[in-house]
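Participant:
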Amino acid sequence: MNLKGKVALITGANAGIGNAILTKLAELGCNISFVDIAHNELTENTIKRVEALGLKCRFFQSDVSNFQDAEIIIQKIISEFGKIDILVNNAGINKDSVIWKMTEEQWDSVIDVNLKGYFNYVRAVAPLFKDQCNGKIVNITSINGLRGKFGQSNYSAAKAGIIGFTKALAKELGKYSINVNAVAPGMINTDMMKNIPEAARTAALQETVLNRIGSPEDIANAVAFLCSDLSKHITGEIIKVDGGQYI
Ligand code: NAP
Numbered sequence: 046m047n048l049k050g051k052v053a054l055i056t057g058a059n060a061g062i063g064n065a066i067l068t069k070l071a072e073l074g075c076n077i078s079f080v081d082i083a084h085n086e087l088t089e090n091t092i093k094r095v096e097a098l099g100l101k102c103r104f105f106q107s108d109v110s111n112f113q114d115a116e117i118i119i120q121k122i123i124s125e126f127g128k129i130d131i132l133v134n135n136a137g138i139n140k141d142s143v144i145w146k147m148t149e150e151q152w153d154s155v156i157d158v159n160l161k162g163y164f165n166y167v168r169a170v171a172p173l174f175k176d177q178c179n180g181k182i183v184n185i186t187s188i189n190g191l192r193g194k195f196g197q198s199n200y201s202a203a204k205a206g207i208i209g210f211t212k213a214l215a216k217e218l219g220k221y222s223i224n225v226n227a228v229a230p231g232m233i234n235t236d237m238m239k240n241i242p243e244a245a246r247t248a249a250l251q252e253t254v255l256n257r258i259g260s261p262e263d264i265a266n267a268v269a270f271l272c273s274d275l276s277k278h279i280t281g282e283i284i285k286v287d288g289g290q291y292i
């Protein structure tokens with residue numbers, strides 16, 4: 046796989062799965078722009094790592110649920126890099142609760158970040174991709190969007206929404222040679238897992254048929270494939286990367 050000369054935008058890429066995706070795309074020669082809610086040491090280390098590879102790297106601090114910010118950030122990337130080839134929508138949060146205890150804030154914030162946040166960046170980049178007649182969009186969803194998860198009705202609803210969103214986008218954008226796909230991770234070892242009770246983590250491990258919890262790199266490998274020409278005939282697809290957790 047080779048992404049030399051390409052320009053990618055990855056959301057939620059300071060840490061976890063987003064950072065592994067960023068690293069993998071950079072290793073394949075891709076210039077990087079990324080968005081995260083905080084600007085911290087992780088951000089600076091990431092920029093240094095990418096620039097050490099001789100690539101361009103630009104960070105934007107923003108909450109992905111902010112519609113205006115997405116428009117501004119996309120315009121800045123176009124003016125600095127000249128183009129965008131790849132959008133990876135990854136930034137996500139979970140605020141778990143059974144439905145009879147879920148607050149309006151828990152519902153709204155998870156939908157705003159995990160669903161509207163993805164819309165914001167696709168809406169901002171779609172006119173450019175359409176004009177270029179070229180582009181790859183990869184949305185990070187979850188197996189819990191496919192099967193529903195106890196205690197995660199807000200998260201499951203957002204992630205299921207991303208699956209419908211991905212398929213509709215593939216139909217709208219296909220004639221412009223734009224591929225739109227989603228990756229559905231099972232349980233992956235990141236900071237997000239810290240919010241999950243120990244019993245649920247053990248149960249997830251037992252559900253996998255490969256008897257392992259996935260790593261962020263497992264997801265990054267699938268995303269890199271979907272960003273490359275090797276997947277040029279794949280669109281509207283949801284690829285589970287879950288060690289067989291949901292078969
Ligand atoms: P993570 O370790 O919590 O990393 C998410 C990153 O996104 C963090 O840097 C976080 O910043 C940032 N972020 C959070 N809210 C944001 C916002 N509103 N705007 C911009 N950036 C924001 O999570 P992860 O496990 O890597 O998850 C990445 C994606 O994979 C999410 O969409 C998640 O739903 C999905 N996923 C994860 C798993 C899993 O088991 N880990 C399974 C299935 C799907 P802060 O840390 O500063 O808040």
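Residue numbering for the sequence shown follows my numbering, starting at 46 and increasing by one per position.
Ideal Cβ positions, reconstructed from N, Cα and C, are used throughout, including at glycine.
Note that the coordinates shown come from a computational prediction; the quantities given were computed from them, not determined experimentally.
1) Between the C-alpha atoms of K146 and I123, what's the straight-line distance to the nearest angstrom?
2) Quick one: using the 10 Å Cβ neighbour count with 16 as the cut-off for buried, is A53 buried or exposed?
3) Between the Cα of A71 and the Cα atoms of G61, L48, E86 and H84, which residue gives the shortest distance?
4) Residue range of the alpha helix (DSSP H) that V155 falls in?
5) Can you say whether V254 is buried or exposed, counting buried as having 16 or more other CB atoms within 10 angstroms of its CB?
6) Entirely within the stretch 158–222 and at least 3 residues each: give me those beta strand (DSSP E) ranges in chain order.
7) Return the first residue and the last residue of the alpha helix (DSSP H) that V95 is part of.
8) Going by CA-CA distance only, name the one from S276, G180, T280 and K175 that's closest to I208.
9) Pick out the complete alpha helix (DSSP H) segments inside the stretch 95–121, 4 residues or longer, and give them in chain order.
10) May I ask whether a heavy atom of ligand 1 can be found less than 8 Å away from the beta carbon of L87?
11) Would V225 pass as a contact of G259 if the rule is Cβ separation under 9 Å?
12) To test your reading of the DSSP string, which unbroken beta strand (DSSP E) runs of 3 or more residues are found completely within the stretch 220–244?
13) Considering only heavy atoms of ligand 3, does any lie closer than 8 Å to the CB of G288?
14) Would you kindly check if the distance between the Cβ of I138 and the Cβ of L173 is under 9 Å?
15) According to DSSP, is I66 helix, strand or coil?
Facilitator: Here's the rundown:
1) Going from the Cα of K146 to the Cα of I123 covers about 44 Å.
2) Using a 10 angstroms sphere on the CB of A53, the tally of other CB atoms reaches 16 or more, which defines it as buried.
3) Relative to A71, the option among G61, L48, E86 and H84 whose CA is nearest is L48.
4) For V155, the enclosing alpha helix (DSSP H) starts and ends at E149 to I156.
5) By the Cβ neighbour-count rule, V254 is exposed, with fewer than 16 other Cβ atoms within 10 Å of its own.
6) Whole beta strand (DSSP E) segments, 3+ residues: 180–185.
7) Under the DSSP assignment, V95 falls in the alpha helix (DSSP H) whose first and last residues are E86 to E96.
8) When each option's Cα is compared against that of I208, the closest is T280.
9) Secondary structure in the stretch 95–121: no alpha helix (DSSP H) run of 4 residues or longer lies completely within the stretch.
10) Yes.
11) No, the pair does not count as a contact, with Cβ atoms beyond the cut-off.
12) Fully enclosed beta strand (DSSP E) runs of 3 or longer: 223–230.
13) For ligand 3, the structure offers nothing, since it holds only ligand 1.
14) It is not a contact, given that the beta carbons lie outside the stated cut-off.
15) Of the three classes helix, strand and coil, the one that applies to I66 here is helix, per DSSP.
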